[in-house]
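First up is the structure itself, then whatever we jot down about it.
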Amino acid sequence: MIKIDSKLPLVGDTIFSEMSQLARATEAINLGQGFPDFQPDSDLLEAVCNAIRHGPNQYAPMEGIQTLREVIHNKVLAHQQCEYDTNTEITVTSGATEAVTATILALVRPGDEVIVIDPAYDMYAPVVQLAGGIVRRAAMLPPSEEHLGFTLDWNAVATELNPSTRLLILNFPHNPGGGVLTTEDLDALEDLAQKYPFLLLSDEAYEHIVFDNRPYLSPVNRPSLAARCVLISSFAKTLHATGWKVGYCCAPVEISREIRKVHQFAVYSVNTAVQAGIAAYLQDSSVIAQLSAFYQRKRDRLIAGLQGSKLRPLLCEGTFFLLVDTIAVGNISEKALAIRLTKEAGVASIPVSAFYQNPNASQANHHLLRLCFAKQDSTLDFAIERLARI
Numbered sequence: 000m001i002k003i004d005s006k007l008p009l010v011g012d013t014i015f016s017e018m019s020q021l022a023r024a025t026e027a028i029n030l031g032q033g034f035p036d037f038q039p040d041s042d043l044l045e046a047v048c049n050a051i052r053h054g055p056n057q058y059a060p061m062e063g064i065q066t067l068r069e070v071i072h073n074k075v076l077a078h079q080q081c082e083y084d085t086n087t088e089i090t091v092t093s094g095a096t097e098a099v100t101a102t103i104l105a106l107v108r109p110g111d112e113v114i115v116i117d118p119a120y121d122m123y124a125p126v127v128q129l130a131g132g133i134v135r136r137a138a139m140l141p142p143s144e145e146h147l148g149f150t151l152d153w154n155a156v157a158t159e160l161n162p163s164t165r166l167l168i169l170n171f172p173h174n175p176g177g178g179v180l181t182t183e184d185l186d187a188l189e190d191l192a193q194k195y196p197f198l199l200l201s202d203e204a205y206e207h208i209v210f211d212n213r214p215y216l217s218p219v220n221r222p223s224l225a226a227r228c229v230l231i232s233s234f235a236k237t238l239h240a241t242g243w244k245v246g247y248c249c250a251p252v253e254i255s256r257e258i259r260k261v262h263q264f265a266v267y268s269v270n271t272a273v274q275a276g277i278a279a280y281l282q283d284s285s286v287i288a289q290l291s292a293f294y295q296r297k298r299d300r301l302i303a304g305l306q307g308s309k310l311r312p313l314l315c316e317g318t319f320f321l322l323v324d325t326i327a328v329g330n331i332s333e334k335a336l337a338i339r340l341t342k343e344a345g346v347a348s349i350p351v352s353a354f355y356q357n358p359n360a361s362q363a364n365h366h367l368l369r370l371c372f373a374k375q376d377s378t379l380d381f382a383i384e385r386l387a388r389i
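When you number the sequence shown by numbering that gives the first Met the number 0, it's gap-free, plus one each residue, and the end is 389.
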């Protein structure tokens, strides 16, 4: 038997797979993993089917088909007020996951330090480890009675910054917290950027899901930050098509050149017909403009349904995730409670502690569960009925 010395010895099945498997085994309603239980727009499906029938169906250019890169250029210019060269600074990737992976592998060298803000999406740290980097963690301030949501702690970020810092990873709108960036956040980030020459990775997969008419803010709104930032997003969340795995990254040409070197050997190019279908569909830009209102109705439906229950909804400014405070249910670990509610109440969720380095630590357990409301209204209503009985 050949012994394999694992590069990721501490990595097993993700919490998302674990809770989804438990939901299937117990026939629970799955409000855990973040995917819709409804179909994409029929016009989008027809556009992709038309591309499959009539082409293109062969390899796409490594950087993505021209028409889709033009759509991305126009969308980013309108939404983030930042212009990227269509030919040299925009790359279509196999979902935001591949964009994040290619960026980290391209930019992080052995011994470089990367700051991850907890609670953090669970893929960041393992990829930094694969690149030979060192993960430094800066925790957000947890929800409190004064502020019912996670808050960026720039003092914690500043404490981790040093001359070895290569990359700071941001993820806003925030998964799992549902928060968005503020003008004060960008001011603080610019101040820190004047002290150290670190790069930025801004994971903005939920960019088009922001509620209550809040302004959308991104690091690339500021020219000084855009010059060192990789902007990453995904059509999966925007178009209700997580299984298609089409995303993109935008960055200054010198940075994009290095990312493309990794991208071309990881996947080379992305599904050609799906790219063409998305490009044709998004010629009508109004379809994206409707997304925030669509999900705000679902957020409000879930919040209203939980009023008076043992689960207290917290602040949700964006994404399609709602955090609920569970202290009224019992003082046990978040994961234990998530498993219990899946089995006994018939609703699967995700413990927020899973987004920390050590999910079992007391600093990671704030009595919070994440519920996904990217579901049909009937699914949400069934889940609300079950949760209200707790």
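From the three backbone atoms N, C-alpha and C, an ideal C-beta is built for every residue, glycine too.
Buried or exposed: where does residue i fall if 16 or more other Cβ atoms within 10 Å of its Cβ makes it buried?
i, result
"Ile1", "exposed"
"Asn364", "buried"
"Tyr355", "buried"
"Cys48", "exposed"
"Gln274", "buried"
"Asp186", "exposed"
"Lys6", "exposed"
"Arg259", "buried"
"His239", "buried"
"Leu367", "buried"
"Gly307", "exposed"
"Asn170", "buried"
"Glu112", "buried"
"Phe197", "buried"
"Ala215", "Checking the displayed sequence, the identity of residue 215 turns out to be Tyr instead of Ala. Buried, by the Cβ-count rule."
"Gln289", "exposed"
"Ala77", "exposed"
"Ala124", "buried"
"Tyr58", "exposed"
"Lys194", "exposed"
"Leu9", "exposed"
"Glu88", "buried"
"Ser143", "exposed"
"Gly63", "buried"
"Gln79", "buried"
"Glu253", "exposed"
"Pro445", "Here the chain covers residues 0 to 389 and nothing more, so residue 445 does not appear."
Could you have a look at residue i and say whether DSSP puts it in helix, strand or coil?
i, result
"Ile254", "helix"
"Ile71", "helix"
"Asn29", "strand"
"Leu191", "helix"
"Cys81", "coil"
"Thr13", "coil"
"Arg221", "coil"
"Ala46", "helix"
"Arg52", "helix"
"Thr182", "helix"
"Arg339", "helix"
"Leu104", "helix"
"Asn259", "According to the sequence displayed, residue 259 carries Arg and not Asn. In the structure shown, Arg259 sits in a helix (DSSP, three-state: H, G or I)."
"Arg388", "coil"
"Gly177", "coil"
"Ala279", "helix"
"Glu145", "coil"
"Ile383", "helix"
"Phe264", "helix"
"Tyr123", "helix"
"Met18", "helix"
"Gln128", "helix"
Pull up the DSSP beta-bridge partners for residue i, would you.
i, result
"Ile116", "Ala137"
"Tyr58", "DSSP lists no partner for Tyr58."
"Ile208", "Ile208 pairs with nothing; no bridge assigned."
"Ala155", "Answer by DSSP bridge pairing: none, since Ala155 is not bridged."
"Asn170", "Asp202"
"Thr90", "Cys248"
"Val346", "Ile28"
"Arg23", "Arg23 is not bridged to any residue."
"Thr150", "Leu140"
"Arg369", "Leu322 and Ile349"
"Thr96", "According to DSSP, which records beta bridges pairwise, Thr96 is partnered with nothing at all."
"Thr164", "Glu112"
Would the C-beta of residue i count as close to the ligand ZN, meaning under 6 Å from any of its heavy atoms?
i, result
"Met18", "As for the ligand ZN, it is missing from this structure, which has no ligand bound."
With a threshold of 7 Å between beta-carbons, can residue i be considered close to chain B, or not?
i, result
"Thr102", "No chain B appears in the structure shown, which is made up of a single protein chain."
Any beta strand (DSSP E) of 3 or more consecutive residues that is wholly inside the stretch 282–327: 320–324
Three-pair Cβ contact test at 8 Å for the stretch 89–107 versus the stretch 233–240: yes
Given 8 Å, three or more beta-carbon pairs between the stretch 336–344 and the stretch 198–217: no
Three CB pairs or more closer than 8 Å across the stretch 327–338 and the stretch 294–303: no
Three or more C-beta pairs below 8 Å linking the stretch 130–150 and the stretch 176–185: yes
In chain order, each alpha helix (DSSP H) run of at least 4 residues that lies wholly inside the stretch 227–251: 234–237
Sufficient close CB pairs (3 or more, under 8 Å) joining the stretch 27–38 to the stretch 260–271: no
Sufficient close CB pairs (3 or more, under 8 Å) joining the stretch 120–140 to the stretch 101–109: yes
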